[in-house]
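Numbering (UniProt numbering), first residue to last: 1 to 282.
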């Protein structure tokens, strides 16, 4: 069998794997998002209601995943925490995507001084550890959503800028960009109407993957007491609350940890599936 014939025979299997990854990720993410959206409906109890006489109960018909040390229903808190963490995770990637894409488009399109400035900004950004910036923002803005959004706006734009700059620099040499400029179109029109739409698939791939990173970072910040604050349900805070009971009441920390794992796997599979589709041009 020739190499070409072998690749042709193997292509359907590879395509099925790519489609399977994308579908699996989409199903998991859809299920998590649906649970978050329908949290007021699917929750069996008020996630903030305390019952000090019913604390640390194991899973049962009344409390599907048990209760925490304050008698709060874990299932209800987990699905409401999904609303909080997904909302913060999605909103926190918007500003970095916009900032990084803008910097990457300018650096890649104009090159020269623009590229040097972008490279300098990237180097400065990478010289500061992520959690040093987190601590600085918490000191300036306090804990909560705003500090999270500002932190990721300052930090997470780098990948977008790098990828978009590289892609844009390649587009600039293409005949269709040269023809657009020769036809009298302004730089802004060429970038926004022609270059940006062609760079969007790469941006979407980074965006989906970044949601995983942001959610995990938000969970870590909340676990350390720097992110979402009580009494708002959030997975990081729930794991922190359950840490003291791992030996005797492990479900308090394990169930929110499982929710994080499922969500992370779902978004990772979705990002891989989208990336495969982009690479295959479909």
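Each residue gets a CB set at the ideal place from its N, CA and C atoms; glycine is no exception.
Distance from the CA of residue 29 to the CA of residue 246, rounded to the nearest whole angstrom, comes to 28 Å. Cα atoms of residue 198 and residue 72: separation of roughly 49 Å, rounded to the nearest angstrom. Per the DSSP secondary-structure output, residue 73 pairs in a beta bridge with 67. Take residue 106, set aside five residues on each side of it, and the residues of its chain with a beta-carbon closer than 6 Å to its own are 114, in chain order.
Annotation: the continuous alpha helix (DSSP H) that includes residue 220 extends over 196-223. In this structure residue 230 is not in contact with residue 278, their Cβ atoms being roughly 41 Å apart against a cut-off of 8 Å. Of the candidates 111, 42, 35, 91, 91 places its Cα closest to the Cα of residue 146. With 16 or more other CB atoms across the displayed protein chains lying within 10 angstroms of its CB, residue 190 is buried. Between residue 36 and residue 83 a beta carbon distance of about 4 Å is seen, short of the 8 Å cut, so the two are scored as contacting.
Under the three-state reduction of DSSP output, residue 88 falls in the helix class.
The beta carbon of residue 141 lies closer than 7 Å to those of 147, 150 in the same chain, with the five residues before and after it left out.
Going by C-alpha positions, residue 60 is about 6 Å away from residue 66.
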